[in-house]
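Novice: Below is a structure I'd like to ask you about.
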Amino acid sequence: MINHSFQKRLILVYSLLISGLILILSLAYVISIYSDRLERLNKDLEYRCIQMASQLDTVVSTMDFVSVDLVSLWEFMPAMATLHYYDRNLPENKNALMEAQHSVEKLLYRYSLIRDFHRVAVYNNQGDFFTNNFGPEPDKNFKKQWIESSSVLQECKQKNGKILITGPFPDHWNRDVQPAVFSVLRAVVGQQKGEVLGYIEVQNPYSLIESILSVPEGLHVSVTAVTDEGAVLFDKSMADEQEDDLIVRIKAPKSAVAITLRESRKDALTSLNRFITLFSAVLLLLLVVSVLVIRFFTLQMTGPLEKLTKHIEALDLGSLPRSVDLKSSHNEIEELNFAFAHLQKRLNESVQREIISHSLKIQANFDSLQAQVNPHFLFNVLNVISSMGAESDNTKICDVCDQIASMLRYSTSTLDRDSTIGQEIEHAEYYLKLQKLRYEHKLEYSFEVSDRIVQSQIPKIILQPLIENSIEYGFEGTPGVLEITVRGDLDSKGGWFLEIEDNGPGMEEDKLKSILKDIREIRGRISLKDELVELNLGGLGIVNTYLRLYLYFRDLLDFSIENRASGGIHIRISIRSAEQ
C-alpha cells in the first residue's frame, strides 16, 4: 500500500519545483525589463541633452559670428581705434571722430543683423554707444556709468577677446520695456597687451533659450544650464530631488555651457511599477493554478501505482508474468505490468546462466591448479637442460630453452585472461624461432605490424595457432622455402586488422569447406538468444581460435580464411570500431 505521505511529498516537491522555476523566470524577466527600461530612460535623457547642447551651440555660434564678422571687417578696427585714442577736446580730431562713428553705425545697420537679432551693440569706455535696435535708449550718462561700473564687462575684459555668455537679464539699454534677454559679449582688443578698444554685445530674447532648454509638460525632468564661468543660464529644477534620480550632464563643445538633466526615477518608472504589480498578481494566480493541477495529476498517477503495488506483493517467480488491468491513461504505468512479466523470463535465464557459470568457474579453478603443477615441472627440466648447455658452452641450447620457457610462461599464465597484439607477436616470434631451428633455411618469416595497433587488446594465443596451421599445411608439397608473413595496421574506418599468409600449397577444398561450415554452425548456436548451448572449448585449432575471438569481440569481428590464387593460405582478422 502506498503511504499517503508519498503523495504529499510528491505534490510538495513538484509544487516547489514549478513555483521556484516560475519565480526564477519571472524575476529574471522583471529584472530584464527593469534594466531595459532604465537603459532606455538614460538613453532618452542623454539624447535630449545632446539635442539641447547642439541647438544651444548653434544659437551661440550664430551670435558669436556677428562679433567675429565685425572685427574682421577692415574699416571696423580703425574706427574703434580712432574712437579710443583721439582726444575729443581737440577741434582737429572732430571730423575723424565723426567719420569713425559713422563707419561703426553703417556696419551695424545691416538688414541681416536687424532681422535675426534682438540687438547688436558696440560701445566703449569713452561713452560711444552704437546699436541697430531702434527702440528708446537711456541717456548718455547712464550708459557711461553702466559701462564703467559693470562687473560683466570687467569679466569680459579678462577673457582677452573670447566670448562671454550672460543672462538672463532685462535689456538695460531699453529702460521702458526691458524684455528678458541673454547676450554674447566680446571685448575688442587693441594692439597693446590688456588694452580694450570697446565691446561688442549681441542680444537675443531669453525666450529662445527657454524654448531650447524646456521639456514638454508631463515629463518630470529638471534642466539647468551653467556657463563656463559658473553663471546660471537656465534653471528649472524639481522641488523634490532625490539621490537616485537619473542624471545626465553634457558640456556643449562650442559654447562651453554645461547642461544637466535630472529625471525622477520614481515618476519615470510609475508605468513600469503598475505593470509589475499586475504581473505579480497574474503570477500569483498562475502559481495557485499550477499547484492545483499538480495535485490533480499526482493523484491520477499514484492511484494506479497503489493497485500495481498490491499486485506486485502477490507475485512470485512462478506467477510473475500474470498482468493486471490498471485502467490508467498513462502508458508508462501500463507498461510496468508487461515489464514484470518479461522480467521473470530474464530472471530464469539468468539463474541458469549463473549455474553454468559457476560450473565453469569450478572447472577453470581445477585447470588452473593443474597448470600450476605441469609448467613448474617443465620449467625445472628446461633449467637443467639450459645449465647443461651452458656447461658445454652451447649457447644455442640455452636460447632454445629460454624461448620454450617464455612460451610456456605466456601460455600458462592465469593472471591475465587477455593480452595485446604486441605480446601475441612476441609469443608467435618465439614459436617461429624454434621452428626455424628445426627447418633452418626452408622457413622464412616476417612481421609487418604497425606500432599503432600493438597495444590493442586481444585474447591470448591467437596468432600462434594460425601460424602453426600455415606450417602444418605449408610444408606438404612445398619444395622451396616456406614464407610466412604477418601484417597488421589500422583500417580506414578506425578499426584494425591482422593478416597471416604463406606461399604453401594451401588447404584442401574439402577441409577448408568443413572448417567454414563449423565456423558458421558454432556462431549460429552462440547467437541463439533463447537456447543455452554447450560448447567444447578444448584444443587450439582454427575453429577454436575463431570461437574465442567471437566470444571476445562479438559482432565487431570479421574473420575469413581462403586459399590464395598464387598458392598458400590467407587468414584475415578484422575488428571494426565500436562507433561504426
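Residues in the sequence shown are numbered from 8 upward in steps of one, following our numbering. Ideal Cβ placement from N, Cα and C applies to all residues, glycine included. Everything numeric in this text was worked out from a predicted model, so none of it was measured.
Tell me whether the beta-carbon of Asp-76 lies closer than 8 Å to the beta-carbon of Val-191.
Specialist: Walking along the sequence shown from the start, residue 76 turns up at place 69. Walking along the sequence shown from the start, residue 191 turns up at place 184. Contact flag unset, no.
Novice: Three or more beta-carbon pairs under 8 Å between the region 171-183 and the region 97-106, yes or no?
Specialist: no
Novice: Drop a sphere of 10 angstroms on the beta-carbon of Asn-510, count the other beta-carbons inside from all chains shown, and report buried for 16 or more, exposed for fewer.
Specialist: Taking the first residue of the sequence shown as 1, we reach residue 510 at position 503. Label assigned to Asn-510: buried.
Novice: Between which residues of its own chain and Asn-570 is the CB-CB distance below 7 Å, once the five residues before and five after are set aside?
Specialist: As a first step, residue 570 is located in the sequence shown; it is residue number 563 there, counting from the start. The answer, listed in chain order, is Gly-513, Met-514, Leu-519 and Ile-576.
Novice: By alpha-carbon positions, which one of Thr-284, Ser-463, Val-461 and Glu-451 ends up nearest to Gly-481?
Specialist: Taking the sequence shown and counting its residues from 1, the one referred to as residue 481 is at position 474. Here the closest residue by C-alpha is Glu-451.
Novice: Quick one: Cα of Val-164 to Cα of Thr-173, how far?
Specialist: Along the sequence shown, one-based indexing puts residue 164 at 157. Along the sequence shown, one-based indexing puts residue 173 at 166. It should be noted that the sequence gives Lys, not Val, for residue 164. When rounded, the distance between both Cα atoms is 14 Å.
Novice: Which residues does DSSP list as the beta-bridge partners of Thr-427?
Specialist: For the purposes of this step, residue 427 is taken as the residue at position 420 of the sequence shown. Note: Thr-427 sits in a beta bridge opposite Gln-464.
Novice: With C-beta atoms as the reference, is Leu-554 less than 8 Å away from Ile-522?
Specialist: Translated into positions along the sequence shown, residue 554 becomes position 547. Translated into positions along the sequence shown, residue 522 becomes position 515. Not a contact, by the Cβ cut-off of 8 Å.
Novice: So, with DSSP's three-state summary, where would you put Val-20?
Specialist: Counted from its first residue, the sequence shown places residue 20 at position 13. Reduced to three states, the DSSP call for Val-20 is helix.
Novice: Does the region 80-93 come close enough to the region 194-214 to have 3 or more Cβ pairs within less than 8 Å?
Specialist: yes
Novice: Quick one: is Tyr-438 buried, meaning 16 or more other Cβ sit within 10 Å of its Cβ, or exposed?
Specialist: Within the sequence shown, residue 438 is the residue found at index 431, counting from 1. Buried, since its Cβ has 16 or more Cβ neighbours within 10 Å.
Novice: Can Val-239 and Thr-231 be called in contact, C-beta distance under 8 Å?
Specialist: Locating residue 239 in the sequence shown gives position 232, where the first residue counts as 1. Locating residue 231 in the sequence shown gives position 224, where the first residue counts as 1. The answer is yes: Cβ separation under 8 Å.
Novice: On the criterion of 16 or more Cβ atoms from any shown chain inside 10 Å, does Gln-307 qualify as buried, or is it exposed?
Specialist: Stepping through the sequence shown from its first residue, residue 307 is reached at position 300. It counts as exposed.
Novice: Identify the continuous alpha helix (DSSP H) that holds Trp-153 and give its terminal residues.
Specialist: To locate residue 153, count along the sequence shown from 1; it is residue 146. Unbroken alpha helix (DSSP H) run through Trp-153: 147-156.
Novice: When you compare only the Cα positions, how much space is there between Ile-121 and Pro-260?
Specialist: Mapped onto the sequence shown, residue 121 falls at position 114. Mapped onto the sequence shown, residue 260 falls at position 253. For Ile-121 and Pro-260, the distance between alpha carbons rounds to 28 Å.
Novice: Measuring CB to CB, does Phe-137 end up less than 8 Å from Leu-160?
Specialist: Indexing the sequence shown from 1 puts residue 137 at position 130. Indexing the sequence shown from 1 puts residue 160 at position 153. Contact flag unset, no.
Novice: Buried or exposed for His-610, going by 16 or more other Cβ atoms inside 10 Å?
Specialist: Since the first residue of the chain shown is 8 and the last is 587, residue 610 is not available in this structure.
Novice: Determine the extent of the alpha helix (DSSP H) in which Phe-124 is found, giving its start and end residues.
Specialist: Numbered from its first residue, the sequence shown carries residue 124 at position 117. DSSP places Phe-124 outside any alpha helix (DSSP H), giving it a letter other than H or E.
Novice: Measuring alpha carbon to alpha carbon, tell me which of Thr-284, Glu-479 and Ile-507 ends up nearest Ile-491.
Specialist: As a position in the sequence shown, residue 491 is number 484, starting the count at 1. The candidate whose alpha carbon is nearest that of Ile-491 is Ile-507.
Novice: Let's see if you can read the secondary structure: which residues bound the alpha helix (DSSP H) around Ser-214?
Specialist: Along the sequence shown, one-based indexing puts residue 214 at 207. Counting along the chain, the alpha helix (DSSP H) containing Ser-214 begins and ends at 213-220.
Novice: If you draw a straight line from the C-alpha of Ser-214 to the C-alpha of Trp-153, how long is it?
Specialist: Counted from its first residue, the sequence shown places residue 214 at position 207. Counted from its first residue, the sequence shown places residue 153 at position 146. When rounded, the distance between both Cα atoms is 25 Å.
Novice: Roughly how many whole angstroms lie between the Cα atoms of Gln-210 and Val-127?
Specialist: To locate residue 210, count along the sequence shown from 1; it is residue 203. To locate residue 127, count along the sequence shown from 1; it is residue 120. Rounded to the nearest angstrom, the two C-alpha atoms are 6 Å apart.
Novice: Give the list of continuous alpha helix (DSSP H) stretches no shorter than 4 residues that lie fully inside the region 55-103.
Specialist: Entirely contained in the region 55-103, the alpha helix (DSSP H) runs reaching 4 residues are, in chain order, 83-92.
Novice: In chain order, what residues of the same chain lie with their CB nearer than 7 Å to the CB of Glu-162, ignoring the 5 residues before and after it?
Specialist: Here residue 162 is taken as the residue at index 155 of the sequence shown, counted from 1. Leu-171 and Glu-236, listed in sequence order.
Novice: Just to confirm my understanding: we take Ile-369, look at its own chain, exclude 5 residues before and 5 after, and list those with CB closer than 7 Å. What are they?
Specialist: Here residue 369 refers to the residue found at position 362 when the sequence shown is read from its first residue. Low local confidence applies: a pLDDT of 43 at Ile-369 is under 50, so the model's placement there is unreliable, with the coordinate-based value given in what follows. The beta carbon of Ile-369 lies closer than 7 Å to none in the same chain, with the five residues before and after it left out.
Novice: When you measure from the CB of Pro-466 to every non-hydrogen atom of the ligand PLP, does any distance come out below 7 Å?
Specialist: In terms of ligand content, the structure shown is empty, and the ligand PLP therefore cannot be addressed.
Novice: On a CA-only basis, which of Val-295, Arg-269, Ala-60 and Ser-157 is nearest Ile-25? Give me that one, please.
Specialist: Residue numbering aside, residue 25 sits at position 18 when the sequence shown is read from its first letter. With distances taken between Cα atoms, Ile-25 lies closest to Val-295.
Novice: Compute the beta-carbon to beta-carbon distance between Ile-29 and Ser-297, rounded to the nearest angstrom, for a pair I have assumed lies under 8 Å.
Specialist: By one-based count along the sequence shown, residue 29 stands at place 22. By one-based count along the sequence shown, residue 297 stands at place 290. Right, their Cβ atoms sit about 7 Å apart.
Novice: Could you have a look at Arg-571 and say whether DSSP puts it in helix, strand or coil?
Specialist: In the sequence shown, the residue the question calls residue 571 occupies position 564. Residue state, collapsed to three classes: coil.
Novice: Return the residue from the list Ile-219, Asp-43 and Val-461 that minimises the CA-CA distance to Ser-61.
Specialist: If you number the sequence shown from 1, residue 61 lands on position 54. It is Ile-219 whose Cα lies nearest to the Cα of Ser-61.
Novice: How long is the line joining the alpha carbons of Tyr-36 and Leu-290, rounded to whole angstroms?
Specialist: Taking the sequence shown and counting its residues from 1, the one referred to as residue 36 is at position 29. Taking the sequence shown and counting its residues from 1, the one referred to as residue 290 is at position 283. One C-alpha to the other measures close to 12 Å.
Novice: Leaving out five residues on either side along the sequence, give the residues of the same chain with a beta carbon under 7 Å from the beta carbon of Lys-169.
Specialist: Along the sequence shown, read from residue 1 onward, the residue named residue 169 stands at position 162. Answer for Lys-169: no residue qualifies.
Novice: Glu-208 to Val-78, Cα distance in whole Å?
Specialist: Residue numbering aside, residue 208 sits at position 201 when the sequence shown is read from its first letter. Residue numbering aside, residue 78 sits at position 71 when the sequence shown is read from its first letter. Near 12 Å, if we compare the C-alpha coordinates of Val-78 and Glu-208.
Novice: Return the CA-CA distance between Phe-286 and Glu-270, expressed in angstroms with no decimal places.
Specialist: As a first step, residue 286 must be located in the sequence shown, where it is residue number 279. As a first step, residue 270 must be located in the sequence shown, where it is residue number 263. Roughly 25 Å separates the two Cα atoms.
Novice: Report yes if the CB atom of Ile-549 is closer than 8 Å to the CB atom of Leu-473, and no otherwise.
Specialist: Looking up residue 549 in the sequence shown gives position 542. Looking up residue 473 in the sequence shown gives position 466. A contact, by the Cβ cut-off of 8 Å.
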